[in-house]
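Please read the structure below before turning to the comments.
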């Protein structure tokens, strides 16, 4: 346990204080009008201990304005568990030599002393840590605004230290509905790791479950509609016919060489004719495919533009509605501004009561001096009331102006976005016209091209055709069996061609079996991913259950350490989902719970002090607490703690700063 109290504070050239010495009681009130140094005293304490000002800005400027050469210094006499310690911190300015551009760099260097012995910053902090100051908890325990200003997760880490230690594994083993989490924890995983792993697993499984059906559809479309049994039967019949024709051809091998040469020549001519025809047909097909590709691209671009056109029209309507709503809100703010700008202080309620000049006991009139004092006091209160009214009215006007400017800025930003959308819409309209025109033009070109090539005007083809016809005429006049043999060969060629086509179809049909196997594999993977998704969802649900159980177990135990605050460690969202929180609340005598965001300034002061006092009591570390919002609560209503030194900063009309016991 460590109890730290400030006995005396001396400031030298520190911010707005040239020289100042202040003596503190167990509970101290510092009073003055604004700008006379109340917060400066608090800043001196936090600057010396944490190198921050009261607003928690790091490395603050503590030099008086216009006095860069001076050395700010803070001397502090502390009482730590009855032991008096003097600590000092000062700041020197170091200037570098001008560089090649004449620029001088200015840096600050802090020096430290304990009981007049110079210390490095590290030794300074180590010494005070040995005396009982825990630097990790110091701000949370001594500054009323620190704890509630943290993230919920950071507040929860500190609060959970106030409950009896139950490991996540212990809590998971309490009930069977978190048995899977218990198994993972026993393997060494942490809750954050389990959550991250299964969120990633669920996301991956959802993506696969969504994509695999589309893959299956694509593979089904790639299958061909062939009857394999029928094709095998056709193949067998053709093979029998080929064998029969080959036997017949073998018996007709008495053909003369001249007949063979003539036949070969005819075949060569026809081969050349086929080659010319095929090349011409390929050229035509390539041209048709090129045009069809342009048609497909134009059609796709047109449909994409139509979809984009519809989306932008929706965006334009949404932006227009948004701007209209913001303009209506601005108009309402303007009306509210006009209602407030002409409000005047009603001094009719502030008439000096004549009966106040009479003694309530004897009924006699006070003497003139007493009456003048009463009138003077009444006028001061009346003037203060008028000033308070003007301040509230001006605050209201400033707020309305600020909100109006925000709405105006939002409307202007959305208006720019609306103009951009309109410009984009016009461009898309032009694109639609262009794509439609391209599609029409290319479709016309395609319709003008024949599907089959016409070689009637090809001189080379006609010449070969005429030569082949003459040779065939000669061949037909020869009665030597050549015609019969040639007929057999032609029939064989035709049969072999038919056999090749059938074999190709059988090979393609065989691909269907591979596709079916791949589809079966994908369906199996889909079931596996669906199960993985369900397993991850189960783990994530158990994590929520564990978190809820943990919070329910610990919240009552944590709340026992606080006098005023009741912590809300979990809540339910509008959709019913469980959510971890860390919200301070106060339970009234009537049983009504007021959350932090609904508290007034005075209640928040009590909550902040209760947090500081309770944390100090639990950790056994009592540090001075500077309260810069003391004006929110009456002196008699400010919570106090016997072990904690409270230093309240109070705004008054005093022209000089006063430090006194409270």
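Numbering (my numbering), first residue to last: 439 to 1100.
Positions of the beta carbon are idealized from the N, C-alpha and C atoms, including for glycine.
As the structure is a computational prediction, the values presented were derived from the model and not from experiment.
- Put simply, the backbone Cα of residue 535 is about 22 Å away from that of residue 501.
- When DSSP assignments are scanned along the region 1027-1069, the uninterrupted stretches of alpha helix (DSSP H) that are 4 or more residues long and fall wholly within it turn out to be 1039-1057.
- Around the beta carbon of residue 849, 16 or more other beta carbons sit within 10 angstroms, so the residue counts as buried.
- Taking 3 residues as the shortest admissible run, the region 709-793 contains no complete beta strand (DSSP E) segment at all.
- Distances from the alpha-carbon of residue 980 to those of 552, 623 and 556 put 623 closest.
- Per DSSP, reduced to three states, the secondary structure at residue 1088 is strand.
- Annotation: residue 1077 is outside any alpha helix (DSSP H) and is labelled neither H nor E by DSSP.
- Restricting attention to 577, 780, 911 and 546, the CA atom closest to the CA of residue 492 is found in 577.
- In terms of Cα proximity to residue 480, the closest of 1066, 1078 and 1100 is 1066.
- Within the same chain, and ignoring the five residues on either side of residue 445 in sequence, the residues whose Cβ sits closer than 8 Å to its Cβ are 461, 462, 515, 516, 517 and 522.
- Around the Cβ of residue 1010, a 10 Å sphere holds fewer than 16 other Cβ atoms; the residue is exposed.
- Within the region 475-523, the complete beta strand (DSSP E) segments at least 3 residues long are 511-518, listed from N- to C-terminus.
- Excluding sequence positions up to five before and after residue 796, its CB lies within less than 8 Å of the CB of 802, 803 and 804, all in the same chain and listed in chain order.
- Per DSSP, reduced to three states, the secondary structure at residue 601 is coil, with no helix or strand assignment.
- Residue 988 sits away from residue 1008, with the two beta carbons spaced by 7 Å or more.
- Judged by DSSP secondary structure, residue 443 falls within the beta strand (DSSP E) whose first and last residues are 440-452.
- Around the beta carbon of residue 581, 16 or more other beta carbons sit within 10 angstroms, so the residue counts as buried.
- Residue pairing for residue 547: DSSP places it in a beta bridge opposite 530.
- Take residue 615, set aside five residues on each side of it, and the residues of its chain with a beta-carbon closer than 6 Å to its own are 983, in chain order.
- With a beta-carbon spacing of about 5 Å, residue 465 and residue 1084 fall inside the 8 Å limit used to define contacts.
- A distance below 7 Å separates the beta carbons of residue 482 and residue 449.
- With a beta-carbon spacing of about 6 Å, residue 856 and residue 754 fall inside the 8 Å limit used to define contacts.
- A contact is defined here as three or more CB-CB pairs under 8 Å, and the region 1039-1050 meets this definition with respect to the region 1069-1083.
- In the pairwise beta carbon analysis, the region 994-1005 is classified as not touching the region 559-572: fewer than three pairs are separated by under 8 Å.
- Separation of the CB atoms of residue 473 and residue 455 is rounded to 12 Å, and the pair is thereby denied contact status at 8 Å.
- The continuous alpha helix (DSSP H) containing residue 880 extends over residues 806-886.
- Following the DSSP letters along the chain, one finds residue 633 inside the alpha helix (DSSP H) bounded by residues 629-660.
- Cβ atoms of residue 1037 and residue 572 stay farther apart than 8 Å, at about 29 Å.
- Residue 709 is classed as exposed because its beta carbon has fewer than 16 other beta carbons within 10 Å across all chains shown.
- Comparing alpha carbon positions, the residue from 957, 846 and 909 closest to residue 702 is 909.
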